[in-house]
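In our numbering, the protein residues as written are 111 to 285.
Structure (C-alpha cells):
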C-alpha cells in the first residue's frame with residue numbers, strides 16, 4: 111500500500127548550452143509527487159501519515175521553491191551572485207523565511223540564504239527526480255516519484271529486489 115503526497119514548486123532555471131526557447135531564463139510551476147510504500151500501520155489504518163511525508167520532504171524541498179536553479183558551469187551564475195552581493199541579498203534577508211536545510215550532494219548544492227540551487231547537470235524533470243530521490247532516500251521508503259513541469263513529465267518506480275542479501279534500486283524513467 112502507498113501514501114501519496116504532492117508538492118507545488120515555483121522555480122526559475124534555464125537550459126545552458128541548449129538551442130531553443132529553454133536556453134533563456136524562465137520560470138515554472140512544478141508538481142512533485144512522492145509515493146511512500148509500506149504495510150498498513152494497524153491502529154492508525156494508514157501506511158505513513160501524509161503530513162509526515164510533507165514535513166520530512168519539505169525540509170529539503172523548500173530550497174527549490176521560489177528559487178533560481180542553475181548549472182554549476184552556467185556563466186549566469188557568477189553574474190547572479192554579483193548582483194545578489196551588490197543588492198545585499200546574497201546572505202539572505204530577514205524576509206527570507208522559507209529557507210530549507212542547506213545541502214551538498216554529488217548532484218546539487220543548495221544555498222538557502224540566496225534562494226539558489228546549483229546543479230551538476232541541467233535541471234530537467236528527470237534530473238529533479240534524481241536529486242529528490244538522492245536527498246530523501248534515507249528518510250522515506252520511496253516507491254515512486256513523478257515530476258511535472260510545464261508540458262514535461264517524468265516518473266520513476268523504485269523497484270526493490272534482493273540478491274545475495276543486498277537491496278538494489280532500479281530506476282525506470284518514463285518521460
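Note that CB positions come from ideal geometry on N, CA and C, so glycine has one too.
Given the structure is predicted, the values throughout are model-derived calculations rather than measurements.
Residue i burial status per 10 Å Cβ neighbour count (16 or more: buried)
i: residue 252; result: buried
i: residue 195; result: exposed
i: residue 183; result: exposed
i: residue 167; result: buried
i: residue 250; result: buried
i: residue 212; result: exposed
i: residue 158; result: buried
i: residue 134; result: exposed
CA nearest to the CA of residue i, picked from the options
i: residue 259; options: 132, 112 and 188; result: 132
i: residue 238; options: 147, 248, 204 and 257; result: 257
i: residue 206; options: 214, 175, 213 and 219; result: 175
i: residue 127; options: 264, 248, 113 and 186; result: 186
Short Cβ contact (8 Å threshold) for residue i with residue j
i: residue 179; j: residue 233; result: yes
i: residue 217; j: residue 255; result: no
i: residue 111; j: residue 149; result: yes
i: residue 225; j: residue 189; result: no
i: residue 202; j: residue 223; result: yes
Whole-angstrom C-beta distance between residue j and residue i, which should lie under 8 Å
i: residue 170; j: residue 245; result: 5 Å
i: residue 294; j: residue 236; result: The chain is shown only over 111 to 285; residue 294 falls outside these bounds and no answer can be derived.
i: residue 137; j: residue 172; result: Rounded, the Cβ-Cβ distance is 17 Å, inconsistent with contact.
i: residue 219; j: residue 228; result: 5 Å
Cβ contact check for the stretch 135 to 145 and the stretch 118 to 126: 3 or more pairs under 8 Å: When Cβ pairs closer than 8 Å are counted between the two stretches, the stretch 135 to 145 is seen to touch the stretch 118 to 126, the count reaching three or more.
Any 3 or more C-beta pairs closer than 8 Å across the stretch 191 to 207 and the stretch 150 to 161: No, they do not touch.
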